[in-house]
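Engineer:
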Amino acid sequence: MRHWLQENHPDIVPAKAKVFKDKDGAQGAHEAIRPVEVRFTPEAMRPRLTEPQHNVYTLIWQRAIASQCAPATFDRSRAVIKAGATYWEARGSVMKSPGFTKILKGGSEDSELPPLRFGATLSLAKAWHTAKQTTPPPRYSEPRLVQTLEKLGIGRPSTFANIMKILKEREFVSVKGKTLVPTAVGLKTDETLMKVLPTLIRADFTAQMEASLDKVAEGKLDWQKYLIAFYFDFFLPAIEGAAAKSLMSQAYPKSDIPCPDCGKPLSKLPSKFKDGPKDHYLKCLEGCSGVILFWNRGVNDWVKKGEKVDSPEKPPGKLTDFVCQCCGSKLEEYAYQKDGQEKLMLRCSSGCYKKPETKELSVYFQGKKGGFWNFQLQSEPLTEKVAGGLQSAVSKKKASAPAGSKAKSKKPIKV
Numbered sequence: 000m001r002h003w004l005q006e007n008h009p010d011i012v013p014a015k016a017k018v019f020k021d022k023d024g025a026q027g028a029h030e031a032i033r034p035v036e037v038r039f040t041p042e043a044m045r046p047r048l049t050e051p052q053h054n055v056y057t058l059i060w061q062r063a064i065a066s067q068c069a070p071a072t073f074d075r076s077r078a079v080i081k082a083g084a085t086y087w088e089a090r091g092s093v094m095k096s097p098g099f100t101k102i103l104k105g106g107s108e109d110s111e112l113p114p115l116r117f118g119a120t121l122s123l124a125k126a127w128h129t130a131k132q133t134t135p136p137p138r139y140s141e142p143r144l145v146q147t148l149e150k151l152g153i154g155r156p157s158t159f160a161n162i163m164k165i166l167k168e169r170e171f172v173s174v175k176g177k178t179l180v181p182t183a184v185g186l187k188t189d190e191t192l193m194k195v196l197p198t199l200i201r202a203d204f205t206a207q208m209e210a211s212l213d214k215v216a217e218g219k220l221d222w223q224k225y226l227i228a229f230y231f232d233f234f235l236p237a238i239e240g241a242a243a244k245s246l247m248s249q250a251y252p253k254s255d256i257p258c259p260d261c262g263k264p265l266s267k268l269p270s271k272f273k274d275g276p277k278d279h280y281l282k283c284l285e286g287c288s289g290v291i292l293f294w295n296r297g298v299n300d301w302v303k304k305g306e307k308v309d310s311p312e313k314p315p316g317k318l319t320d321f322v323c324q325c326c327g328s329k330l331e332e333y334a335y336q337k338d339g340q341e342k343l344m345l346r347c348s349s350g351c352y353k354k355p356e357t358k359e360l361s362v363y364f365q366g367k368k369g370g371f372w373n374f375q376l377q378s379e380p381l382t383e384k385v386a387g388g389l390q391s392a393v394s395k396k397k398a399s400a401p402a403g404s405k406a407k408s409k410k411p412i413k414v
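Number 414 marks the last residue of the sequence shown (numbering that gives the first Met the number 0); no jumps.
1. How many Å lie between residue 100 and residue 62 at the Cα?
2. Bridge partners for residue 80 per DSSP, in chain order?
3. Just tell me which of 341, 324 and 350 has its CA closest to the CA of residue 373.
4. Count the other CB atoms, across all protein chains shown, that sit within 10 Å of the CB of residue 142; report buried if there are 16 or more and exposed otherwise.
5. Straight-line CA distance for residue 171 to residue 9?
6. Using 8 Å as the threshold, is the C-beta distance between residue 174 and residue 138 below it?
7. So if DSSP puts residue 173 in a beta bridge, which residue, or which two residues, is it bridged to?
8. Closest by CA to residue 258, which one among 168, 302 and 278?
9. Buried or exposed: where does residue 295 fall if 16 or more other Cβ atoms within 10 Å of its Cβ makes it buried?
10. What do you reckon, are the CB atoms on residue 59 and residue 4 nearer than 8 Å?
11. Considering only their Cβ atoms, is the gap separating residue 73 from residue 479 smaller than 8 Å?
12. So what does residue 334 bridge to, in DSSP terms?
13. Near residue 300, which residues of its chain fall below 7 Å by C-beta distance, leaving aside the five closest residues on each side in sequence?
14. For residue 404, which residues in the same chain have their Cβ closer than 7 Å to its Cβ, ignoring the five residues on either side in sequence?
15. Going by DSSP in three states, residue 392 sits in which element: helix, strand or coil?
16. List in chain order: all unbroken alpha helix (DSSP H) runs of 4+ residues lying wholly within the segment 219-262.
17. Report, in whole angstroms, the separation of the C-beta atoms of residue 66 and residue 17, which I expect to be a contact under 8 Å.
18. Please report how far the alpha carbon of residue 0 lies from the alpha carbon of residue 42, in whole angstroms.
19. Closer than 8 Å is the cut-off here; do at least three beta carbon pairs connect the segment 145-158 with the segment 203-213?
20. Looking only at its chain, what residues have a beta carbon closer than 7 Å to the beta carbon of residue 268, apart from the 5 residues adjacent to it on each side?
21. Determine the extent of the alpha helix (DSSP H) in which residue 204 is found, giving its start and end residues.
22. Checking the sheet assignment: what are the DSSP bridge partners for residue 279?
23. Residues in the same chain with beta-carbon distance under 6 Å from residue 45, minus the five sequence neighbours each way, listed in chain order, please.
24. Residue 344 and residue 364 look like a contact to me (Cβ under 8 Å); what is the Cβ gap, rounded to whole Å?
25. Take residue 328 and list the residues in its own chain whose beta-carbon comes closer than 8 Å to its own, dropping the five residues that flank it on each side.
26. Here's a check: name, in chain order, each residue in its chain whose Cβ is nearer than 8 Å to the Cβ of residue 147, leaving out the five neighbours to either side.
27. For residue 87, which residues from the same chain have a beta carbon less than 7 Å from its beta carbon, with the 5 sequence-adjacent residues on both sides left out?
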């Protein structure tokens with residue numbers, strides 16, 4: 000690159016070749032892009048590349064060349080102007096040498112100031128104002144959050160993707176467009192940890208721990224001594240302190256709904272369901288196991304976990320192209336609520352689901368990843384939908400079953 004610059008732009012070649020040191024916390028195992036032939040300029044490569052490919056190639060080529068250029072130099076000026084009791088400041092600059100901006104086509108944002116004389120009286124040529132309001136800092140996008148973590152020394156290139164994955168999988172944040180928005184669960188988790196384990200979530204503590212682990216990996220720190228010191232000096236005292244603050248009894252606000260078992264007020268815990276009717280559910284934290292209540296929009300009341308409640312006077316559901324394997328009637332869509340979540344099932348429109356002997360054969364539940372599933376398989380599986388959509392996933396298993404036998408599955412089968 001330096002040789003190419005000397006041939007094409009000798010005025011921006013630095014006296015010595017630039018060498019860049021790895022940043023603290025950088026991991027050498029992560030390979031970089033290594034330009035090997037700079038004579039293939041973006042203009043020369045344009046006929047061989049598509050527009051998106053050319054944009055990426057230009058970005059890499061320009062930044063690789065610019066990294067070996069001299070810095071841009073400016074003559075800067077500053078004027079302090081007094082108007083009444085107020086002082087105003089104006090800044091200007093004049094480029095002396097373009098340096099790397101000759102390649103990246105950038106420059107200073109300051110404009111050039113006119114010639115001024117100390118103590119001179121100025122005349123107002125134009126005045127204007129821009130109305131603005133104080134706004135909170137914008138929420139993080141994934142790239143900005145990674146950039147901030149890297150700046151604070153938290154995480155490493157190999158762990159950033161997993162950090163983002165955990166935040167979303169555990170529903171600490173939701174993604175709206177390109178923005179990460181904290182959920183009720185995330186806010187409550189942060190609030191609770193700030194109360195009982197404040198040191199654990201401090202940025203400097205995490206950065207210090209990452210640095211210690213790097214030293215262990217490099218053989219500069221004995222891992223056994225580090226773990227023993229960490230356990231006795233930090234972890235054990237922190238856990239004992241958290242237990243003393245009675246996390247379960249103090250972290251969540253009380254409701255005015257009594258526990259059906261002990262009669263004490265149920266606590267409000269944040270719900271992880273984004274589309275639920277309420278942002279919390281109720282749970283007894285006084286020792287009653289299994290007492291959890293969710294709000295049911297259909298009956299407009301709190302309902303115990305696992306209890307399915309039908310909405311009153313619900314009209315018949317939409318008929319599908321599937322037929323019941325018990326009577327041949329079409330299956331209908333049926334919406335219901337369970338554990339505070341809206342759900343959908345397919346059931347026999349003729350009522351086979353009401354009979355104990357055919358209930359499990361005539362009802363199909365919606366899966367988390369799409370499709371529907373049934374608890375049992377019979378010799379006549381659910382007919383495939385003509386217009387597409389749901390498909391039978393049991394045909395191959397049925398073909399392998401002995402003649403006259405009934406194939407059964409211990410696990411729910413998707414269709």
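Backbone N, C-alpha and C define an ideal beta-carbon position, used for all residues, glycine too.
Structural biologist: Checking against the coordinates, here is how it stands:
1. In the sequence shown, the residue the question calls residue 100 occupies position 101. In the sequence shown, the residue the question calls residue 62 occupies position 63. One Cα belongs to residue 100, the other to residue 62, and the distance between them is close to 10 Å.
2. One-based indexing of the sequence shown puts residue 80 at position 81. DSSP lists 87 as partners of residue 80.
3. On the sequence shown, position 374 is the one that residue 373 refers to. Selected option, being the one with the closest Cα: 324.
4. Stepping through the sequence shown from its first residue, residue 142 is reached at position 143. The residue is exposed, with fewer than 16 neighbouring Cβ atoms inside 10 Å.
5. In the sequence shown, the residue the question calls residue 171 occupies position 172. In the sequence shown, the residue the question calls residue 9 occupies position 10. The alpha-carbon atoms of residue 171 and residue 9 are separated by roughly 54 Å.
6. Looking up residue 174 in the sequence shown gives position 175. Looking up residue 138 in the sequence shown gives position 139. Between residue 174 and residue 138, the gap from beta carbon to beta carbon reaches 8 Å or more.
7. Here residue 173 corresponds to residue number 174 of the sequence shown, with the count starting at 1. Answer by DSSP bridge pairing, in chain order: 180.
8. Stepping through the sequence shown from its first residue, residue 258 is reached at position 259. Looking at the Cα atoms, 302 is the closest of the given residues.
9. As a first step, residue 295 must be located in the sequence shown, where it is residue number 296. By the neighbour-count rule (16 or more Cβ atoms within 10 Å), residue 295 is buried.
10. Indexing the sequence shown from 1 puts residue 59 at position 60. Indexing the sequence shown from 1 puts residue 4 at position 5. Between residue 59 and residue 4, the CB-CB gap reaches or exceeds 8 Å.
11. Nothing about residue 479 can be read from this structure; the chain reaches only from 0 to 414.
12. Here residue 334 corresponds to residue number 335 of the sequence shown, with the count starting at 1. According to DSSP, which records beta bridges pairwise, residue 334 is partnered with 343.
13. Locating residue 300 in the sequence shown gives position 301, where the first residue counts as 1. Excluding residues within five positions, none has a Cβ falling inside 7 Å.
14. Sequence index remark: in the sequence shown, residue 404 carries index 405 (1-based). Model confidence at residue 404 stands at a pLDDT of 39, short of 50, so the residue's coordinates are unreliable and nothing is read from them.
15. Counting from one through the sequence shown, the residue named residue 392 turns up at place 393. Residue placement at residue 392 cannot be trusted, given a pLDDT of 34 that sits under 50; the coordinates are not used to answer.
16. Every unbroken stretch of the alpha helix (DSSP H) spanning 4 or more residues and falling wholly within the segment 219-262 is given here in chain order: 222-229, 235-243 and 246-249.
17. Here residue 66 refers to the residue found at position 67 when the sequence shown is read from its first residue. Here residue 17 refers to the residue found at position 18 when the sequence shown is read from its first residue. Yes, they are in contact, since the Cβ atoms of residue 66 and residue 17 sit about 7 Å apart, within 8 Å.
18. On the sequence shown, position 1 is the one that residue 0 refers to. On the sequence shown, position 43 is the one that residue 42 refers to. Taking the straight line from one Cα to the other gives about 17 Å.
19. Output reads yes: the segment 203-213 touches the segment 145-158.
20. The residue you call residue 268 lines up with position 269 of the sequence shown. Only residues of its own chain outside the window of five on either side were considered, and among them 251, 279, 280 and 282 have a CB closer than 7 Å to the CB of residue 268, listed in chain order.
21. Stepping through the sequence shown from its first residue, residue 204 is reached at position 205. Per DSSP, residue 204 belongs to the alpha helix (DSSP H) from 202-216.
22. Numbered from its first residue, the sequence shown carries residue 279 at position 280. The bridge partners DSSP lists for residue 279 are 269.
23. Within the sequence shown, the letter at position 46 stands for residue 45. Within its own chain, the residues whose Cβ lies closer than 6 Å to the Cβ of residue 45, once the five positions on either side in sequence are excluded, are 53, listed in chain order.
24. Position 345 of the sequence shown, counted from the first residue, corresponds to residue 344. Position 365 of the sequence shown, counted from the first residue, corresponds to residue 364. With a Cβ gap of about 5 Å, residue 344 and residue 364 count as contacting.
25. Along the sequence shown, read from residue 1 onward, the residue named residue 328 stands at position 329. The residues are 322, 347, 348, 349 and 351.
26. Against the sequence shown, residue 147 aligns to sequence position 148. So the qualifying residues of the chain are 139.
27. In the sequence shown, residue 87 corresponds to position 88, counting from 1. So the qualifying residues of the chain are 80.
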